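> First the structure, then my questions, so here it is.
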Amino acid sequence: MMRNNSDEIGTSGRVQSVHRALMLLKMLGASPAVSVSEAAAELGVNASTAQRLLATLVADGFAVQDERRLYSAGPEFLGAGSRNGGQSLIETIRPYLERLFVRTNETVHLAVLIGTWVHHVDGVEATQHALRFGSRTGVKLPAHVTSAGRAMMSELSRSEVLARYLDDPQNSAGVRSIDEMEPILRMLGNVQHGDFGVNFGDSEDGVAAFGMSLGHIQGQHVGFSIAMPHARFTAQHAVSFRQMLRKTVGEYRADHAGGSN
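Below, the structure written as structure tokens:
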């Protein structure tokens, strides 16, 4: 019987394709972004084999690919990889995300900060409005242009922010020096620690979004965001969104006080 070499069983009894997929998951967990060539070198395979493995992980939600054709951890990986008492990170926070949706009647997301990127790992889309903001679940965006990313980044020290960007040649802003970091540092300086991040058209045209950090939960830095079309946004939304974010985050923290984060 013919057998595909990529599925050969080694002397240890392991299936090579499964072993390689697991190695890729380890890479995605340890690095903010992985290229096909890096994956191929790590696995000791050619680029086409690495590409197929990464494409499989993307199709199953364990990886996402950005506009630079780099790969990072996807929502299934982040959800399955963070468990506490049998519940994943997404399962633990989902009731509070749904509560925030009911209160706002707008699209809401759960975001995870990894390096200089924000991963939208869960969301509830508002469908009752003719003009609405669609779900971005599974989408990875630069942290410094998103409301939740700004809120979470504001909790980091200046030195940690600089390290995240300047130590990573593939950082989401493409900066290479402290001088190039100044706009980001000034923007984060306008967000008080533990306060709200705001995004008016910075991540994409026409969006108005507010975000707040929940802090570190099950080893992940996570936050909520509320997003709506800027065309419907009013000053009253700014007031109510802040109140609803603070209330929902406060309820999560009260319910899990003293728990393992």
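Read left to right, the sequence shown gives residues -14 to 246 (our numbering). For each residue, glycine too, the CB sits at the ideal point set by N, CA and C. Quantities reported herein were computed from a predicted structural model and do not represent experimental measurements.
Am I right that residue 220 and residue 182 are in contact with their C-beta atoms under 8 Å? What's the rounded C-beta distance?
No, residue 220 and residue 182 are not in contact; Cβ-Cβ is about 18 Å, not under 8 Å.
> For the region 91 to 106 against the region 123 to 142, are there 3 or more C-beta pairs whose distance is under 8 Å?
yes
> Between the region 162 to 178 and the region 217 to 235, do three or more beta carbon pairs fall short of 8 Å?
no
> Name the residue from 146, 41, 109, 132 whose alpha carbon lies nearest to the alpha carbon of residue 100.
Scanning 146, 41, 109, 132 for the CA closest to the CA of residue 100 turns up 146.
> Straight-line CA distance for residue 180 to residue 34?
Taking the straight line from one Cα to the other gives about 45 Å.
> Would DSSP call residue 222 helix, strand or coil?
It is helical.
> Reducing DSSP to helix, strand and coil, say where residue 199 ends up.
Residue 199: strand per DSSP, three-state reduction.
> When you compare the CB positions of residue 107 and residue 85, do they come within less than 8 Å of one another, or not?
Taking a C-beta distance under 8 Å as the contact criterion, residue 107 and residue 85 do not qualify as a contact pair.
> Using a Cβ-Cβ cutoff of less than 8 Å, which residues in the same chain neighbour residue 32 once the five nearest sequence positions on both sides are dropped?
Here the set comprises 21, 22, 25.
> Residue range of the alpha helix (DSSP H) that residue 286 falls in?
The first residue shown for the chain is -14 and the last is 246, placing residue 286 beyond what the model contains.
> Ordered along the chain, which non-local residues of its own chain (more than five positions away) have a Cβ less than 7 Å from that of residue 158?
101, 127, 129, 150, 169
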